[in-house]
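Novice:
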Amino acid sequence: MREITYDQAAGEAIRETFRSNPRTVYVGTDPVLDMQKEFGEDRVRVTPIAENSFVGAAIGLAGSGYRTVVNLRMATFGFVAMDQMINHAAKITYMFGGQARFPVLIRMTVGAGFFGAAEHSISPYAMFMNAPGLKLLLPSTPYDVKGLLKTALAENNPVISFEPFLLGKAKGEVPEEDYSVPFGHAAVRRKGSDLTVVALGRMVPEALAAADDLAKGGVSAEVIDPRTLVPLDTAAILRSVRKTGRLVVVDEACQTCGAAAEILARVASDKATFGKLKSAPARVCGLDVPIPFSPPMEKFAVPDKSKILKAAKGVLR
Amino acid sequence: MELDKKTQAGLYETMLTIRRFEEHVAREVFDGHIVGFAHSYIGQEAVAAGVCRHLTVKDKIVSNHRGHGHCIAKGADVNRMMAEIYGKKDGCCKGKGGSMHIADFGVGMLGADGIVGAGLPISTGAALAAKLEGKKNVAVVFFGDGACNEGEFHESLNLAGIWKLPLLFVCENNGYGVNTPASYAMAAGDITRIPEAYHIANATVEGNDVEAVYEAAGAAIERLRRGEGPCFLECKTYRWHTHFLSKDIEDLRPKGEIAAWKERCPVATYADKLLRRGTLAPARLQSLQAKVQKKIDDAFAFAAASPYPKPEDALADVYSA
Ligand SMILES: Cc1ncc(C[n+]2csc(CCOP(=O)(O)OP(=O)(O)O)c2C)c(N)n1
Ligand SMILES: [Mg+2]
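If you read the protein sequences in the order shown, they are chains A and B.
In this text, residue positions in the first sequence follow this note's numbering: the first is 2, and each later residue adds one.
In this text, residue positions in the second sequence follow this note's numbering: the first is 21, and each later residue adds one.
Shown next as structure tokens:
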């Protein structure tokens, strides 16, 4: 099968949708020349640097019958649009009693590991998990980002796609033919029997690398990638943990009140699964600090394969 | 009226220091020795130099992502700046901030902010503090044309206007926000129509002419010190490099436009002027240039000698004591 990058795959999902649906509009601060050429500057619009306003415009467009794609670039710039995303996108369907649909897709990159320092390095999806009304994607492969965006672009609700910055150039197999990936279906990236590792976003490849190392030591780790955080495929996680009895959750975001905390809570509060646990589950997350610039400190602050291995050994002991 | 010789030489020295500093940074980014996002100030030196010449350490400045020049002009320690850009322990932010987040509170440089427009509200607070203290100190905020389209910009102008804050808004209009032309992105056309609407005194100057910037900023800052409310200065200028230093990002600006602006180099044209006027004899100019180069070489040596922070230092300074 052909291999393309994560960013190319995401772009394909959007372009294919724009081809089949003329009532689609794209907004973002950077000119996307190839899309402007193909679809015209009416539909592919360059905005001033005014995130809160262009996210608001996207919500208004969506409520007025235009499926809208917003590129916020980095999550850090997305914070400028928090009012529109949290106060409006998340609540507007509910608050107005379901009178209108708001098909908005908002994309932003997340993560650390590129020396972007505190402001530009952040993985804030858990904040959005706390705002019911949004569907949240965290694709980790080119195949998934295209497939999930395809689903998002057929969805009638606001969707936010959190795309790990460092995965943008990662290559992977993506079929030429049309396909989509449904929301709420975790992927079992590797089957195993001794330990379940639930890994999010950029931590999926790190967890797979750790699982390879564990296998060399005779430990069989199952690696699960939830792919979407809302809806979250709790059943797949519980199923795996009941089988292995051991759990490590890996997330690049800060630990406190993060997605990993939610996953542990769902496991711990499910009686049938809790009873099957052979050891206390562990989290491997970003430290609760803003991300520092200097490389040695940044490396210390974010999870990686070696930290996953250490946690796995603790859980296996 | 011609400026006194000391001021002229000082303006030149500040611009040249910024230029040499930024040349070093660019080289090191392209050679892979400096990591992360570094936004070069090359081409815009006259703005920081001309404005900051009027400020004392008691006056405050707030800067943006393209902040190295503002820091140097405000008198930040170039050794510690350089160490910060390399992520070293002796950097002014102990390696926590890097190129985009240099701060030196000791000289009234309240920090560079990487979020477009975010420095503006913060500067209103610095200006309010100066007003409350009543000692005729002022605040200056530097921002780009792109920032003028953020809500925070408009809110800050309004706030500064109604509270009559001693705040100088310095818009460095380099014509673009990344690749988006200001002429497309701004409905007002002329930027100064915006402060005009908020009843804020304003002027536009040729931002590559350091003396023009110096004179306009001087008049504005005098107003601030007299308590007559905020001022707005648009400086028309241009950045020479890509948006941040990188071989991998596109520059969609017309090649001829870039070349034309390089002809109007603020540093070289001023050196010529000083020679022509006889402000500096050629030998004096050369010794000044050598002095500046040594300062940058020393800053690099300082940065190179400084160790990296310990990994666990990541845990320090989340809260102050
Ligand atoms: C809120 C926000 N949106 C987007 C960005 C990404 N970004 C960084 S600098 C920049 C352009 C800023 O243009 P301008 O204000 O004119 O400053 P210049 O870079 O030209 O000096 C953009 C879009 C950001 N840092 N913050
Ligand atoms: Mg600009």
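No residue lacks a Cβ here, since even glycine has one placed at the ideal position from N, Cα and C.
Starting from the beta carbon of His89 (chain A), find every residue of chain D whose beta carbon is closer than 9 Å, and list them in chain order.
Specialist: Absent from the structure is chain D; the protein chains it does hold are A and B.
Novice: Taking the continuous alpha helix (DSSP H) assigned at Asn178 (chain B), which residues delimit it?
Specialist: If you number the second sequence from 1, residue 178 (chain B) lands on position 158. Note, Asn178 (chain B): alpha helix (DSSP H), 171–182.
Novice: Does Gln28 (chain B) pass the burial test, meaning 16 or more other C-beta atoms within 10 Å, or should it be called exposed?
Specialist: Walking along the second sequence from the start, residue 28 (chain B) turns up at place 8. The residue in question, Gln28 (chain B), is buried, as its Cβ has 16 or more Cβ neighbours within 10 Å.
Novice: Is there contact here, the region 37–56 of chain B with the region 217–235 of chain A, by at least three beta-carbon pairs under 8 Å?
Specialist: no
Novice: With H, G and I counted as helix, E and B as strand and the rest as coil, what does DSSP make of Pro165 (chain A)?
Specialist: Your numbering for residue 165 (chain A) matches position 164 in the first sequence. Annotated three-state conformation of Pro165 (chain A) is strand, per DSSP.
Novice: For ligand 2, is there any heavy atom lying closer than 7 Å to the beta carbon of Asn158 (chain A)?
Specialist: On the first sequence, position 157 is the one that residue 158 (chain A) refers to. Asn158 (chain A) Cβ: outside cutoff for every heavy atom of ligand 2.
Novice: For Lys108 (chain B), is the classification buried or exposed, using 16 other Cβ atoms within 10 angstroms of its Cβ as the cut-off for buried?
Specialist: On the second sequence, residue 108 (chain B) is found 88 positions in, with the first residue counted as 1. In this structure Lys108 (chain B) is buried. Its beta-carbon is surrounded by 16 or more other beta-carbon atoms within 10 angstroms.
Novice: Can you tell me the Cβ-Cβ gap for Ala51 (chain A) and Gly171 (chain B), rounded? I've got them flagged as a contact below 8 Å.
Specialist: For the purposes of this step, residue 51 (chain A) is identified with residue 50 of the first sequence, where counting begins at 1. For the purposes of this step, residue 171 (chain B) is identified with residue 151 of the second sequence, where counting begins at 1. The pair is a contact, with the Cβ atoms about 7 Å apart (cut-off 8 Å).
Novice: Flag this pair as yes or no: are the beta carbons of His59 (chain B) and Phe264 (chain B) separated by less than 8 Å?
Specialist: What you label residue 59 (chain B) is simply residue 39 of the second sequence in a count that begins at 1. What you label residue 264 (chain B) is simply residue 244 of the second sequence in a count that begins at 1. Yes, they are a contact pair.
Novice: Using three-state DSSP, classify Val287 (chain B) as helix, strand or coil.
Specialist: Counted from its first residue, the second sequence places residue 287 (chain B) at position 267. DSSP, read as helix, strand or coil, puts Val287 (chain B) in helix.
Novice: Interface residues of chain B around Met298 (chain A) at Cβ under 7 Å?
Specialist: Within the first sequence, residue 298 (chain A) is the residue found at index 297, counting from 1. Per Cβ cutoff of 7 Å: Gly115, Pro329, Pro331, Asp333, Ala334.
Novice: Since Pro201 (chain B) sits in a beta bridge, which residues does DSSP pair it with?
Specialist: Position 181 of the second sequence holds residue 201 (chain B). Answer by DSSP bridge pairing, in chain order: B:Tyr196.
Novice: Just to confirm the assignment, what range does the beta strand (DSSP E) spanning Cys255 (chain B) have?
Specialist: To locate residue 255 (chain B), count along the second sequence from 1; it is residue 235. That run of the beta strand (DSSP E) goes 251–256.
Novice: Buried or exposed: where does Gln64 (chain B) fall if 16 or more other Cβ atoms within 10 Å of its Cβ makes it buried?
Specialist: Here the question's residue 64 (chain B) lines up with position 44 in the second sequence. When all chains shown are included, Gln64 (chain B) counts as buried.
Novice: Could you list the residues in the region 35–54 of chain A with a C-beta less than 9 Å from some C-beta on chain B, going in chain order?
Specialist: Cβ contacts with chain B: Val47, Thr48, Pro49, Ile50, Ala51, Glu52, Asn53, Ser54.
Novice: By Cβ distance below 7 Å, which residues in the same chain neighbour Pro296 (chain A) in space, the five residues on each side in sequence not counted?
Specialist: In the first sequence, counting from the first residue as 1, residue 296 (chain A) sits at position 295. For Pro296 (chain A), where only same-chain residues beyond five positions count, the Cβ hits under 7 Å are Phe116.
Novice: So if I measure from each beta-carbon to every heavy atom of ligand 2 and keep distances below 7 Å, which residues remain?
Specialist: B:Gly164, B:Asp165, B:Gly166, B:Glu192, B:Asn193, B:Asn194, B:Gly195, B:Tyr196, B:Gly197, B:Ala202
Novice: To the nearest angstrom, how far is the alpha carbon of Phe166 (chain A) from that of Pro125 (chain A)?
Specialist: Taking the first sequence and counting its residues from 1, one reaches residue 166 (chain A) at position 165. Taking the first sequence and counting its residues from 1, one reaches residue 125 (chain A) at position 124. Cα to Cα, the separation comes out at about 13 Å.
Novice: Relative to chain B, which residues along the region 53–86 of chain A have a C-beta separation below 8 Å, given in chain order?
Specialist: Asn53, Ser54, Thr77, Phe78, Phe80, Val81
Novice: At what residue ranges does the region 187–217 of chain A contain a whole run of the alpha helix (DSSP H), taking only runs of 4 or more?
Specialist: Secondary structure remark: continuous alpha helix (DSSP H) runs of at least 4 residues inside the region 187–217 of chain A, in chain order: 204–217.
Novice: State the beta-bridge partners of Glu223 (chain A) as determined by DSSP.
Specialist: In the first sequence, the residue the question calls residue 223 (chain A) occupies position 222. According to DSSP, Glu223 (chain A) bridges with A:Thr197.
Novice: Please compile the residues from chain B whose C-beta is within a distance smaller than 8 Å of the C-beta of Gly134 (chain A).
Specialist: By 1-based counting over the first sequence, the position of residue 134 (chain A) is 133. Within chain B, no residue comes near Gly134 (chain A); the closest Cβ sits about 23 Å away, beyond 8 Å.
Novice: Can Ala153 (chain A) and Ser141 (chain A) be called in contact, C-beta distance under 8 Å?
Specialist: Counting from 1 along the first sequence, the entry for residue 153 (chain A) is found at position 152. Counting from 1 along the first sequence, the entry for residue 141 (chain A) is found at position 140. Cβ distance not < 8 Å, so Ala153 (chain A) and Ser141 (chain A) don't count as in contact.
Novice: Give the residues of chain A in contact with Ile214 (chain B), contact being defined as C-beta atoms less than 7 Å apart.
Specialist: Position 194 of the second sequence, counting from 1, holds the residue named residue 214 (chain B). Result: empty, since nearest Cβ-Cβ is about 13 Å, beyond 7 Å.
Novice: Go ahead and pull the three-state DSSP assignment for Cys286 (chain A).
Specialist: Against the first sequence, residue 286 (chain A) aligns to sequence position 285. Strand at Cys286 (chain A).
Novice: Got a sec: is the Cβ-Cβ distance from Thr30 (chain A) to anything in chain B below 8 Å?
Specialist: For the purposes of this step, residue 30 (chain A) is taken as the residue at position 29 of the first sequence. So, interface residue.
Novice: Report yes or no: do three or more beta-carbon pairs, one from the region 83–97 of chain A and one from the region 126–137 of chain A, lie closer than 8 Å?
Specialist: yes
Novice: Can you tell me which residues form a DSSP beta bridge with Cys255 (chain A)?
Specialist: Sequence index remark: in the first sequence, residue 255 (chain A) carries index 254 (1-based). Answer by DSSP bridge pairing, in chain order: A:Gly287.
Novice: Under 8 Å by Cβ, that's how I've got Leu196 (chain A) and Val220 (chain A) pegged, so tell me the actual separation to the nearest angstrom.
Specialist: As a first step, residue 196 (chain A) must be located in the first sequence, where it is residue number 195. As a first step, residue 220 (chain A) must be located in the first sequence, where it is residue number 219. Indeed they touch by this definition, with Cβ atoms about 6 Å apart.
Novice: Using a C-beta to C-beta distance shorter than 9 Å, which residues of chain A count as neighbours of Leu272 (chain B)?
Specialist: Position 252 of the second sequence, counted from the start, is the residue given in the question as residue 272 (chain B). Neighbours of Leu272 (chain B) on chain A, chain order: Pro32, Leu34.
Novice: Could you tell me whether the Cβ atoms of Ala69 (chain B) and Met35 (chain B) are closer together than 8 Å?
Specialist: Your numbering for residue 69 (chain B) matches position 49 in the second sequence. Your numbering for residue 35 (chain B) matches position 15 in the second sequence. Against a cut-off of 8 Å, the Cβ pair of Met35 (chain B) and Ala69 (chain B) comes out as a contact.
Novice: In the region 95–146 of chain A, which residue ranges form an unbroken beta strand (DSSP E) of at least 3 residues, counting only runs that do not cross its ends?
Specialist: 105–111, 136–138
Novice: Can you tell me whether Ile135 (chain B) sits near ligand 1, meaning its C-beta is under 7 Å from at least one heavy atom of the ligand?
Specialist: Mapped onto the second sequence, residue 135 (chain B) falls at position 115. Yes, ligand 1 has a heavy atom inside 7 Å of this Cβ.
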